[in-house]
Structure formats: structure tokens, C-alpha cells
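K.L.:
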Amino acid sequence: MALLTLAQKGAPPPYIAAALAELANEAAPESFSVEWMEGATLRDGDSAATTVLAKPDGAAEAVGEAAVVDVILGSIADAEIAQWVDFARTRLAGVGFKDLEAALDVLEQRLQMRSFVCGHAATAADAACWGALRASAMFQRNLKTKPDSLGRSIVRWYAHATSLPFATRVGAGAAHAQRQANCGARDQGSFDLGLTGIEHGRVVTRFPPEPSGYLHIGHAKAALLNEYVAHSNGGRMLVRFDDTNPDKERSEFEDAIVEDLALLGIRGDSVSHTSDHFQTLHDYAVRLIERGLAYVDDTPQEDMRHERWHAIASRCRDLSVADNLARFDEMRRATPLGLTCCLRAKMSVDNVNKALRDPVLYRCNLTPHHRTGTQWKIYPTYDFCCPIIDSLEGVTHALRSMEYRDRNPQYTWFFDALDLRPVQIMDFSRLNFAFTLLSKRKLQWFVDSNHVTGWDDPRFPTVRGIRRRGMTIEALRQYVLMQGASQRNMLLDWDKIWALNKKAIDPVAPRHTALLKKELVPVSLPNGPASAEIRDMPRHKKSPELGTKRTVFSSQLFVDQEDAALFEVGEELTLMDWGNAVVEAVERTADGATVTGATLRLHLEGDVKATKRKITWLGQDPAVHPVEALLLDYDYLITKRKPEEEDSIEDLLTPVTEFVDAALVDANVAELQVGAIIQLERRGYFIVDKVASQSELGAINLIRIPDGTAATVAIKHNVASTPSVASKSSTAAANPWDKKKAPAAICSKPAMPANQSSDALGLPSQGQVSDMYGTKLVYGDMGLEHPSSVCDMYVTKNIY
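Okay, so the sequence shown: first residue is -13 according to the numbering used here, each after it adds one.
1) Any contact between the segment 506 to 515 and the segment 450 to 461? By contact I mean 3 or more CB pairs, one from each, below 8 Å.
2) From this set, L618, F401, A271, which residue's C-alpha is nearest P444's C-alpha?
3) By the three-class DSSP mapping on this structure, what secondary structure does E554 have?
4) CB-CB under 7 Å to G753, same chain, minus the five flanking residues each way: which ones, in chain order?
5) Have a look at L59 and M412 and give me their C-alpha separation to the nearest angstrom.
6) Let me make sure I understand the geometry here. Which of L378, L39, Q98 has the alpha-carbon closest to that of Y790?
7) Which of the three DSSP states is assigned to Y200 in this structure?
8) Just the C-alpha distance for L604 and V538, rounded to the nearest angstrom, thanks.
9) Taking the alpha-carbon positions, what's the L616 to Q(-6) distance?
10) Would you report the Cα separation of L462 and L486, rounded to the nearest angstrom?
11) Taking C-beta to C-beta, are H356 and S237 nearer than 7 Å?
12) Specify, as a first and last residue, the run of the alpha helix (DSSP H) that G117 falls within.
13) Mapping the DSSP letters down to three states, classify L749 as helix, strand or coil.
14) What's the call for G170, buried or exposed, on a 16-neighbour Cβ count within 10 Å?
15) Considering only residues of the segment 489 to 559, which uninterrupted beta strand (DSSP E) runs meet the minimum length of 3 residues and lie entirely inside it, listed in chain order?
16) Which residues does DSSP list as the beta-bridge partners of P366?
17) Assess contact between the segment 255 to 275 and the segment 361 to 379, defined as three or more Cβ pairs (one per stretch) separated by less than 8 Å. Is contact present?
18) Tell whether a beta-carbon distance below 7 Å holds between Q606 and S517.
19) In or out: N436 buried (at least 16 other Cβ within 10 Å) or exposed?
20) Where do the N-terminal and C-terminal ends of the beta strand (DSSP E) with F803 fall, by residue?
21) What does a CB cutoff of less than 7 Å around F264 pick up in its chain, not counting 5 residues either side in sequence?
22) Touching or not, the segment 134 to 141 and the segment 6 to 26, by the rule of three or more beta carbon pairs under 8 Å?
23) For the alpha helix (DSSP H) containing V57, name the first residue and the last one.
24) Just how far apart, CA to CA, sit F314 and R450?
25) Taking the DSSP output, what are the residues bridged to K482?
26) Buried or exposed: where does P195 fall if 16 or more other Cβ atoms within 10 Å of its Cβ makes it buried?
27) Of the choices T698, W70, A121, whose alpha-carbon is the least far from that of R96?
28) Which partner residues of E644 appear in the DSSP bridge assignment?
29) For the segment 100 to 120 against the segment -1 to 8, are there 3 or more C-beta pairs whose distance is under 8 Å?
30) Any beta carbon of chain D sitting closer than 7 Å to that of F193?
31) Look at L9 and F102 and say whether their C-beta atoms are less than 7 Å apart.
32) Can you tell me whether DSSP reads Q265 as helix, strand or coil?
33) Along the chain, where does the beta strand (DSSP E) containing G670 start, and where does it finish?
34) Out of curiosity, what's the CA-to-CA distance linking Y622 and R192?
35) Given this structure, state the Cα-to-Cα distance separating A415 from K488, to the nearest angstrom.
36) Taking DSSP as the reference, what is the three-state secondary structure of C372?
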């Protein structure tokens, strides 16, 4: 039996070969074993190898769909069948729209009075034509959206052919392979970068962070991708600190990066530093000078930028080798002349790719290095170090984000210039998030300007920042793997990653209660417990393994002002985790705007499923009293969804980014440690940021964890509903039709007090609501008839 292997994502998919093989199996069972494989090709670097036929007798295999089809068909005795097979291969497969349209007209005429292309049963002609159309994306799209444009006879014939045994087996085989691929990739995206030269056990990748800041979520993708490619192929991943800029680098950052990598579950097989190779890099620089491939330039920086931009050769470009070596020694010794110079590669003056216009390789810096001290006064650039050290350390595949794509020719130039072993380089897209800056330089500005509390600020996209805001490492790793190694740049929203995080924390987050301290409402239960009772209640009803918490049941309770404002006398509601109660009295201020107290009567035999409102509450007991807490929520640091490189950060700053509410929480929260994640019922998920002893106000600090819903990831600074300690809220009246409000605040009608008449709505003018042109009523101003005159339904009062 011959083995026919097919690439599922071939261009085009090899359905002609598959259909002919399955048809041949009907005439001579077990002629071909058909297997579908994931990917666009079966052989690295050969896009035509979508089909491979291995013969059982050891004869040379056929590669490519055309060659395989020739083998399957052999010599067709019937000239008519051979003609239509050739028609399918040349006029239906892999052609443009106009050519396909003309070919379909021919096929339509052929099939008007026929059930099969040739004869009275399915032949190779039917199989070939069906396979060509099955592989045609244009035909399949029109078949779904505009079947009438294809011709009735073709649509009828194609549906019939699809139901035949040979086509059914082709479809089942391809579907099974797709299910297998989906099963394997359920929790991660595709990591198919088209890498060549993959040898199991010999793959080496590297992750080269600069120790000048903390890892952010973009670095996490790079690290995880390099680890995946290496370890999934039985290879090694190197962690190398690119410590070539002593002005910015500190040992503190190195330690933090190592810790963050460990938290991500990333294991580097070895750790090195670029500074380990400073002498070697110096020697290679000298070799470039000796070969006439580098020169020392003392052109002022601004002039050099102008010359590079306008393709003007530097006046130092043609200095002799001896002069360049002498000048480079001046740089090494940091003499007055050397301090004005830099070493440049002699690549090109006028290349269209400006990255190749004689890039800088070395520059002087007198700042002591955090590892080598004052030993060196010159330091290599990242672009010079990477290719050399990658080659020397045995890296086989260098994976870099798309921002370095223009520098890839520069990277490969050094291999030929210095006789180094080449390294394969491949790009992947960066993780870009809406309303988020990932540039370390810009993040450093926020730190230096005191707009944030540090690199672990909950508003920062650093690994530490999002961990402090409640992101679990499990969810972060899963999200990064889901993105895969795509080269498509996308602007991602934060909702999906926080939704993944919610799935991780919901089953293990204990449930607790919090009430806002502002205008807290005391509630009396005349038929409540004579004295306060403390009962053990489950921390999580669906996860009993989380244990129990102490809950106070008493006749004196506290409830939120927001809940109490909706109480109606006679209404039955549910006190969560206790039972139903009926509202007997509600006390309000003189203007009726604030509730000052309420009386409820327990009705524990009532049906909790039948009540409209379920409210949270806290019992009062001097022995187990609620504790003080601050509930913190944060907004994006910038107001622009997709900031541009030329944008000024100061112009994009969000005016208020921290929102704080003083609250009372149940006494059990006082036992929690920093980092504990809980759910405050009816409020959301929170993480303990500070315990009471660490807080200046002596209150537990709880940071709200976004859960992926619109309300938790929307812009907050223009919704004047939550006070902030960072800035006082604006007192200007909000436009109820404002389209820029967060989704949670959108209303279909302007909000107004219940006792306000409809005449006093004060709706905004049409110009405030829409910028569309206004039009007059076609029939003039017509008074509406009273409902009783047009129908006999019950009339209801206007609720507004």
C-alpha cells in the first residue's frame, strides 16, 4: 500500500490528489493510505511539497501534487476522462477569479443535462473537478454567500459529488486532522515560524533582556516563545543579560528579571552577560578595522544624524586603517580625542534601509559598569554584540520581535564580515495593548515623574505590576501562549487576559462582604436574635475545601446606602447567606435623598428565588466587629487607545488614575496576608495589597481585579461616580447622553429623581446628542391622541 501524505494548509490544499486516491481505493481497496498533516508544507523550505507519495516497493517517492496525480492516474485509456482531468488541473485549480469564472461557465454547460462529468457514474473526471473546487477559496466563498452566481447545475452536481463515498472519506480525513491539531493547540496559538534547520536536541535559543528595568508583558511573550521553541525540540534556552549601557543598568534589575522569569515558569539552561565577552568583542572590532570594514568617526552627533538621513558620506569614512586603529585606541583610553569619537561599520552610505547606513558599533561612556567597574571606557552597541555572541554561544535560532526587522540585514552582515557561523533569525509580532505603553524609556518617565509608585505599580504593564493588580502567573502564561508566534501586529484589549484570570481565581477566591462607609445605613430586625450569634459559614459554597469564616448574625445590621435607597415598605428582599426579610419602615432625611435607617422583619420561610433584590449586610457585635478597608481601583495611565511614537506623553496623561472608597469588611479579612485574592460579593474580585499594619491609615488595602467585563476594563476617569484621593471630582453636571461613558454607565434615558415630572426632564438639545442634520416633521407638529381613544388596553402612568 502506498502512503499518500497531504499538507492540510497547502497553497492550494491538495484535494485533487486526495479525491483521486480515495476514488482509486474504491476500485482497488487499500491502494493508498491517505494521511493529512498539519502545516502548509511537508518539507521545510519547499512550499510545493504539499503532497508526498511513498511507494511500498521502495521506489523514489513523488513530491508535489502534480507529480503525485500523474502517478495515481497512470495512463488513462478514456480520452474524454483524461481531457476533463486536465481541465480540472489547469483551469479550475489555482487560477484567478476571471479564469475561474470562464472555466465554471464551461463546466455549467457540461453538467446541464448530466449527473456526472463523464459517463453514468463517478470517474476520475468528477474526482478531479470536485477536488479542484473544494480547494478553491473563491468557489467555496461564493458557494456559501452567492450560490446563484455559480450556476444551478454546478451547485447541484457539487452537492451530489460531496455526498459520494470518495468525497466523504476525503472530508472525514481532513476534519479528523483538524480536530487533532485543534486539540493540541487548544490553550496556545500557533508557534509555526517557518524555522528551518530544526534538529531535535540541537536547537539553542536565547532571551537577551537589558537589565535597565523590569520585565513587562511584551518581554514575557519573547521569553516564553524562545523557551517553547528550544524545549519543545529538546534543545536549550540561554538567558543573556545585555549589559552594555552602564548609565541605565543595575544589579537590582537583574535580580528582578531572574525572579520574574522563575515566576513565569521559565528555566534558562544557562545565564551569561554580554560583559563576559567585552574583550572578545573588542578584538572583533579591531578585526573589522583591519579589514577596512569599520572606521572611527568624530563627527558631532547632530551632524552625523543629518548625514545618515540624507545619505552623505562622513569625512572620516576613508581614513586609513592605521589612523582608525590609533583613534580606536584613543577611544579605549578615553582621551579627550577619543571621547569625541565612535566606531562605525562601513556598510553603506545610501542604502534604502537606513539601519544599514554605517551604524555605530562602539561609543565611549565613563560611567562605571555595575559588573566590570572602570575597566572599560568603551561599550559595544546591541546591534554589534548580538550576532557575534549568538554565534559564539552556539545559538541556532534567534527569535526577535518585529521592531528589529529592518536590522536583520545588519545582523547577518557580521557573519560574513567576521567569518562567523551564521544564526537563523526569525521575527514575531509584539504584544501591543490598548491604552498601554510598553517602551521602557516611557515607563521610566512615569517612575521618575512620580506619576506611579514604582515599577510594580498596579497601573504598569510590568509582570510585577499586573501581578500586584491580581493577575495570576497561570493566566498570564496561558494568555501569552494563546497568542502564539504570529507576525501580524495587532492592538489587543485587556478584556481577554483578565477574563482568563477570572477563570483561574473564581474557584479558589473566598467570598467576603464589604460595605461602603459613606452614609452607611443601620438596620433593625425586631425579630432578629436577642443577642449576636457567630456562626461558621463556608468561605466558598462551591469549594468547601477553602474552609469556613465567622459570620455575625444580630438584630442590628449595616447595609449600603445604595441598597437602602431602593427599599420600599412591604417589599420582601433577601439578606444574603441568611434568608428573606420584609421592609417595615424606611427613615429618610428631610429632602428624601438619603436613608438614615430602616426596619426589616425576618421572614426566613420565604422563597429566596422569588425576591427581586439580594443585598449584602454586616452584623454588629462588639466582640467581632467589621474592619476598616480601602477599596482601590485604577484607570489607564494614558487616554489614547493607540499612542504614536511622536505623541507627547504629557498630552496623553489621564487626569485621575486612582479611585479609592473607604469601606467596612467582615472581620475575617483581617486574617488575610498580602497577595491573597478574594471576592467581595456583589463588588468583584480583590487582592490584598497591604494589611492594616502596613497602611498609613491603618486600613487593609484591597485592589480591585478586573474580570474582563466591560465595566472593569473601561475608561473610568470621565465617569464622575467614584471619588479619588488623587484628584477631586469635577462638579460639572454630566450629560446623560454622553457617548464616551463606560458601558456600565450607559443609560437609555437621562437619569432623574422619581418625583420629577416629565416636563422637567431638561433633555439636551439635538445638537448636544447628534451632529446629524436636523429635519422638520413631514406632516407638521401633530398632537398625539390619548391612548384611550385608540385602544382599550390599560393606561399606565408615565414612570418619568
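Backbone N, C-alpha and C fix where the C-beta goes; we use that ideal spot for every residue, glycine too.
Since the model is a prediction, treat every value here as computed from it, not as a measurement.
P.N.:
The structure says:
1) The segment 506 to 515 vs the segment 450 to 461: no contact.
2) Mapped onto the sequence shown, residue 444 falls at position 458. Ranking L618, F401, A271 by Cα distance to P444 puts L618 first.
3) Within the sequence shown, the letter at position 568 stands for residue 554. The answer is coil: DSSP assigns E554 none of H, G, I, E or B.
4) As a working mapping, residue 753 is identified with position 767 in the sequence shown. Unreliable placement is indicated for G753, whose pLDDT of 49 sits below 50; no coordinate value is reported for it.
5) By 1-based counting over the sequence shown, the position of residue 59 is 73. By 1-based counting over the sequence shown, the position of residue 412 is 426. Taking the straight line joining both Cα atoms gives about 40 Å.
6) The chain is shown only over -13 to 786; residue 790 falls outside these bounds and no answer can be derived.
7) In the sequence shown, the residue the question calls residue 200 occupies position 214. Three-state DSSP puts Y200 in coil, outside helix and strand.
8) As a working mapping, residue 604 is identified with position 618 in the sequence shown. As a working mapping, residue 538 is identified with position 552 in the sequence shown. L604 and V538 have their C-alpha atoms roughly 7 Å apart.
9) Taking the sequence shown and counting its residues from 1, the one referred to as residue 616 is at position 630. Taking the sequence shown and counting its residues from 1, the one referred to as residue -6 is at position 8. About 56 Å.
10) Counting from one through the sequence shown, the residue named residue 462 turns up at place 476. Counting from one through the sequence shown, the residue named residue 486 turns up at place 500. A direct Cα-Cα distance of roughly 8 Å separates L462 from L486.
11) Residue 356 sits at position 370 when you count from the first residue of the sequence shown. Residue 237 sits at position 251 when you count from the first residue of the sequence shown. Taking C-beta atoms as the reference points, H356 and S237 count as a pair closer than 7 Å.
12) Numbered from its first residue, the sequence shown carries residue 117 at position 131. Here the alpha helix (DSSP H) through G117 covers 110 to 121.
13) Position 763 of the sequence shown, counting from 1, holds the residue named residue 749. In this prediction, L749 scores a pLDDT of 46, lower than 50, which makes its location untrustworthy; no coordinate-derived value is stated.
14) As a working note, residue 170 is residue 184 in the sequence shown. For G170, the pLDDT reaches just 45, beneath the cut-off of 50, and the residue's location in the model is therefore unreliable, leaving the point undetermined.
15) Given a length threshold of 3 residues, each whole run of the beta strand (DSSP E) inside the segment 489 to 559 is given here in chain order: 500 to 502, 507 to 510, 519 to 524, 534 to 539, 542 to 545.
16) Locating residue 366 in the sequence shown gives position 380, where the first residue counts as 1. Paired residues: Y348.
17) Contact holds: three or more Cβ-Cβ distances are below 8 Å.
18) Numbered from 1 along the sequence shown, position 620 holds the residue referred to as residue 606. Numbered from 1 along the sequence shown, position 531 holds the residue referred to as residue 517. Result no, Cβ atoms of Q606 and S517 do not sit closer than 7 Å.
19) Numbered from 1 along the sequence shown, position 450 holds the residue referred to as residue 436. The residue is exposed, with fewer than 16 neighbouring Cβ atoms inside 10 Å.
20) Here the chain comprises residues numbered -13 to 786, so residue 803 is not present and cannot be evaluated.
21) Counting from 1 along the sequence shown, the entry for residue 264 is found at position 278. For F264, where only same-chain residues beyond five positions count, the Cβ hits under 7 Å are T358, W362.
22) Segments in contact, no.
23) The count along the sequence shown starts at 1 and reaches residue 57 at position 71. Counting along the chain, the alpha helix (DSSP H) containing V57 begins and ends at 51 to 59.
24) Against the sequence shown, residue 314 aligns to sequence position 328. Against the sequence shown, residue 450 aligns to sequence position 464. Looking at the two C-alpha atoms, the distance is approximately 42 Å.
25) Taking the sequence shown and counting its residues from 1, one reaches residue 482 at position 496. Beta-bridge pairing links K482 to no other residue.
26) Within the sequence shown, numbered from 1, the residue matching residue 195 stands at position 209. Per the 10 Å Cβ criterion, buried.
27) As a working mapping, residue 96 is identified with position 110 in the sequence shown. It is W70 whose Cα lies nearest to the Cα of R96.
28) Here residue 644 refers to the residue found at position 658 when the sequence shown is read from its first residue. Per DSSP, Y620.
29) Per the Cβ contact rule, the segment 100 to 120 is in contact with the segment -1 to 8 (3 or more Cβ pairs under 8 Å).
30) Protein chain content of the structure displayed is limited to a single chain, and chain D is not contained in it.
31) Mapped onto the sequence shown, residue 9 falls at position 23. Mapped onto the sequence shown, residue 102 falls at position 116. Cβ atoms of L9 and F102: not closer than 7 Å.
32) To locate residue 265, count along the sequence shown from 1; it is residue 279. DSSP places Q265 in the helix class (H, G or I) of the three-state scheme.
33) Translated into the one-based positions of the sequence shown, residue 670 becomes position 684. Where G670 is concerned, the enclosing beta strand (DSSP E) starts and stops at 670 to 676.
34) Taking the sequence shown and counting its residues from 1, one reaches residue 622 at position 636. Taking the sequence shown and counting its residues from 1, one reaches residue 192 at position 206. Here the C-alpha atom of Y622 lies approximately 32 Å from the C-alpha atom of R192.
35) Translated into positions along the sequence shown, residue 415 becomes position 429. Translated into positions along the sequence shown, residue 488 becomes position 502. In the sequence as presented, Ala is not what sits at residue 415; that position holds Ser. Pairing S415 with K488, the inter-Cα distance amounts to about 26 Å.
36) Position 386 of the sequence shown, counted from the start, is the residue given in the question as residue 372. Helix.
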